[in-house]
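Residue numbers (my numbering), protein chains in the order written: chain V, 8 to 574; chain P, -8 to 258.
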């Protein structure tokens, strides 16, 4: 795609923002009606696509600039090449973000004109000035960053890295700004004892932005975007590995896949806790949101989320397993027997602990911290060790157990109102469905993954990585991870919107349309899959045209792919 | 591979046996067996032989097939979980939002349109009657249907059955059962059991508690009170009349065999 094409798309996006602000002033605008999907699903599709593109263009630059800095510091051209290739794809997807953003506003205005007008008026300064200005600034910096890549080499590299930092700064501010209206729709600002309607009328812009779920949503999205960007980098590597013609290319893309997965998994480890904080704040805002999510209409969405998280953790650990297989000398790596023992007792001990000292009571750390540090501290003095292979296999067993605990529901019913004894956990075992057990399951998944990376780190110190010789199935694991991460984002995005129940803005602006009910999980799954496939198609196209184009091949040597056998 | 399948069957069998002995419902027994199957699958994949690289058309077909499998698996997986029936919710949403809709601009517009239509019909009928009167005065009779009027203002039902039916519908619509146990159903210990609330609170007190959750605290629910577990939203989302009906009904619940905690006035 040429620069002027991209600029045109960007202009379109900006015009849409401006037009929406103007259109919002038109009283009683007529309502459009989407055939087949209905208005709500139409908005859902466009909004989700926009968020996926936006998530990538905000998340990818974070690790791009880190990768560029690592390349500069270590003088390893592979990092620089990775950063540049991901930036190439980011530039294309940036245009798609603008396009879908403009489309989102148009669709929203056509289908829910009264509500959209109301929202824009409440955040007029953001929609009409701050957001467009940030968007323009980000566009200028992104293009400057991309087009100065080759010019600002050598002594000018530090300048280029700082430009990347600036890009991330603007990107993060943009995310935080737009999260204001988004989180406001979930948890509009309120004051104790005051009517919410009256409070909102008098509230300042900052009051509205700085609502209950604003910061938790910012953090959740920030970490989620990095996870997502990492897995997409893994996807890019997998595609390129599959299309590689030479050993050098395969070595490089094997390495890139590993780094992408490492970034994705690294950020993923924090994601369950960020999600927990967001859910905690939502429940704190209005306790009735909690049963709606966990025990009532959306409870099965969370079961599906448990299944997806479990699969993602299984796949990411399987990728480490496959990566270990290509390390010569891995069989020499051993670990204290305490590590698998801690893995096994962790879910039981922490369920009991969190039951006695519920989160956020810091007393539970008195058990958790010594337990996870036990292998490190006491392991030095004990002579018994086991092979890394055994530790990883015990880890897999515990990922399955952790996933089983996470997914065990209180009852096999979509709503508490339909609970009957034949479908309900026996009362003596209801703790399996409560938060202490779910938290311990999440922590077990995280702990096992960290241990696996520690083993990997020891393996590369004692052995030699043969890049490019990884089991081919690993490329499908990378693709699986990206697909599943996107699908889960779609699922949880739907949940975040649906917790508003029959309100556009919770408890403030009712949704009088006939579509304000909770859709079934099956119906949602169809659309989430469709959106994921549509996003995948665009991303795949972007990867192929940017990285597989003839002129790209000509530039291939710039990264000096690592030879087989290099660390 | 065979060894792993046998191992999986043994683990699945043990889980099935143990959960049967512990009186887990059948669906949970099957769920534990499914986890054993997942474990078997995971351990089989771990030791599966390496896959040789492939590229070109074969890779493209492989990728498309992979995406198809993932899509089908995720849609099927999501469809296997119990599905919430939106029909259960639609009537409830309508009942809750109807008063608000009437108050909204949209409601006002619709009301104006309805009134205009009614007036138009009335005008037509008067014109028709005048026409008939002028034609045949002795046979003239008032044939025009009166315009539809609004529903009579309804207060709190005086009949106990009516009150029970209306109040229980409000109880369900507002999902009070999610936190409060009543007649042995609902509640997750977030809020007190309410079967004997009428022994402690008059309707006016219950109304005050619904509209301002900080006005009373149930004994033994200090933590929940401090954490503001009862949402401070009903003054916004509930119709005043519905609050009165619910409060009147709850104030009549005096089942002394249920240990409803004593409310303490805080404001």
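Every residue gets a Cβ at the ideal spot worked out from N, C-alpha and C, and that includes glycine.
As the structure is a prediction and not an experimental result, all values here were calculated from the model.
Three-state secondary structure (DSSP) of residue i
i              : result
residue 301(V) : helix
residue 173(P) : strand
residue 211(P) : coil
residue 254(P) : strand
residue 42(P)  : coil
residue 418(V) : strand
residue 50(V)  : helix
residue 2(V)   : Chain V is shown from 8 up to 574; residue 2(V) falls before or after that span and cannot be answered.
residue 366(V) : coil
residue 341(V) : strand
residue 251(V) : coil
residue 135(P) : Residue confidence is low: residue 135(P) scores 37 on pLDDT, short of 50, so the model does not pin down where it sits. No coordinate-derived value is stated.
residue 516(V) : strand
residue 394(V) : strand
residue 147(P) : coil
residue 495(V) : helix
residue 334(V) : strand
residue 560(V) : In this prediction, residue 560(V) has a pLDDT of 48, which is less than 50 and means its spatial position is unreliable; what the coordinates show is noted afterwards. Three-state DSSP puts residue 560(V) in a helix.
residue 155(V) : coil
residue 471(V) : strand
residue 19(P)  : helix
Contact set for residue i: own chain, Cβ-Cβ below 7 Å, skip 5 residues either direction
i              : result
residue 420(V) : 426, 430
residue 223(V) : 284, 285, 288
residue 70(V)  : 233, 236, 237, 270
residue 290(V) : 296, 297
Residue-level contact to chain V via CB, residue i, 8 Å cutoff
i              : result
residue 250(P) : no
residue 236(P) : no
residue 195(P) : no
residue 123(P) : no
residue 109(P) : no
residue 61(P)  : yes
residue 42(P)  : yes
residue 14(P)  : yes
residue 92(P)  : yes
residue 246(P) : no
residue 20(P)  : no
residue -5(P)  : no
residue 301(P) : This structure leaves residue 301(P) out entirely; chain P is present only between -8 and 258.
Chain P contact for residue i (CB, 8 Å cutoff)
i              : result
residue 328(V) : yes
residue 404(V) : yes
residue 48(V)  : no
residue 325(V) : yes
residue 424(V) : yes
Contact set for residue i: own chain, Cβ-Cβ below 6 Å, skip 5 residues either direction
i              : result
residue 239(P) : 147, 194
residue 110(P) : none
residue 117(V) : 39
residue 423(V) : 302, 303
residue 226(V) : 281
residue -1(P)  : 27, 31
Same chain, Cβ closer than 8 Å to residue i, five either side skipped, listed in chain order
i              : result
residue 145(V) : 174, 177, 178, 181
residue 491(V) : 315, 318, 319, 322
Practice task
May I ask you to verify whether the stretch 501 to 510 of chain V touches the stretch 288 to 300 of chain V, counting CB pairs closer than 8 Å and requiring at least 3?
Solution key: Because the criterion of three Cβ pairs below 8 Å is met, the stretch 501 to 510 of chain V and the stretch 288 to 300 of chain V touch.
Exercise for the section: Note down, in chain order, all residues in the stretch 490 to 520 of chain V with a beta-carbon under 7 Å from any beta-carbon belonging to chain P. Expected result: Sequence-ordered contacts of the stretch 490 to 520 of chain V with chain P read 490, 494, 509, 514, 517, 519 [C-beta pairs closer than 7 Å].
Practice task
For the stretch 268 to 275 of chain V and the stretch 49 to 65 of chain V, state whether three or more C-beta atom pairs, one from each stretch, are separated by less than 8 Å.
Solution key: no
Handout entry: Contact list for the stretch 199 to 228 of chain P against chain V, Cβ threshold 9 Å
Key = 203, 205, 215, 218, 219, 220, 221, 222, 223, 224, 226, 227, 228
Exercise for the section: Please confirm if the stretch 313 to 321 of chain V is in contact with the stretch 367 to 383 of chain V, defined as three or more CB-CB distances below 8 Å between the two stretches. Expected result: no
Handout entry: the stretch 46 to 56 of chain P contacting the stretch 15 to 29 of chain P, beta-carbon criterion three pairs below 8 Å
Key = no
Problem - the stretch 436 to 449 of chain V: positions lying closer than 8 Å to chain P by Cβ - result: Taking 8 Å as the Cβ-Cβ cut-off against chain P, the residues of the stretch 436 to 449 of chain V that qualify are 436.
Problem - Touching by the beta-carbon criterion (3+ pairs, under 8 Å), the stretch 470 to 489 of chain V and the stretch 238 to 258 of chain V - result: By the C-beta criterion, the stretch 470 to 489 of chain V is judged to be in contact with the stretch 238 to 258 of chain V, since at least 3 inter-stretch pairs fall below 8 Å.
Problem - Inter-stretch contact at 8 Å, needing at least 3 Cβ pairs: the stretch 547 to 554 of chain V / the stretch 9 to 19 of chain P - result: no
Handout entry: Three CB pairs or more closer than 8 Å across the stretch 76 to 85 of chain P and the stretch 514 to 533 of chain V
Key = yes
Practice task
With 8 Å as the C-beta to C-beta threshold (strictly closer), list the residues of the stretch 463 to 486 of chain V near chain P in chain order.
Solution key: 478, 479, 480, 483, 486
Handout entry: Contacting positions in the stretch 369 to 398 of chain V - beta carbon closer than 8 Å to chain P
Key = none
Practice task
Scan the stretch 304 to 325 of chain V for residues whose Cβ lies nearer than 9 Å to a Cβ of chain P and list them as they occur along the chain.
Solution key: Correct list: 304, 305, 306, 307, 308, 310, 311, 314, 315, 317, 321, 325.
Practice task
With 8 Å as the limit, tell me which residues of the stretch 278 to 302 of chain V have their beta carbon closer than that to any beta carbon of chain P; keep them in chain order.
Solution key: Those residues of the stretch 278 to 302 of chain V that come within reach of chain P (Cβ to Cβ, closer than 8 Å) are 291, 293, 294, 295, 298, 299, 302.
Practice task
Select from the stretch 185 to 218 of chain V all residues with a C-beta closer than 8 Å to any C-beta belonging to chain P, and list them in chain order.
Solution key: Hits within the stretch, in order: 197, 199, 200, 202, 203, 204.
Exercise for the section: Could you tell me whether the stretch 35 to 45 of chain P touches the stretch 487 to 500 of chain V, using the rule of 3 or more Cβ pairs below 8 Å? Expected result: no
Exercise for the section: May I ask you to verify whether the stretch 239 to 250 of chain P touches the stretch 218 to 225 of chain P, counting CB pairs closer than 8 Å and requiring at least 3? Expected result: no
Practice task
Check each residue of the stretch 526 to 558 of chain V: if its Cβ is closer than 9 Å to any Cβ of chain P, include it; give the result in chain order.
Solution key: 526, 527, 528, 529, 530, 531, 532, 533, 535, 536, 537, 539, 540, 543, 547
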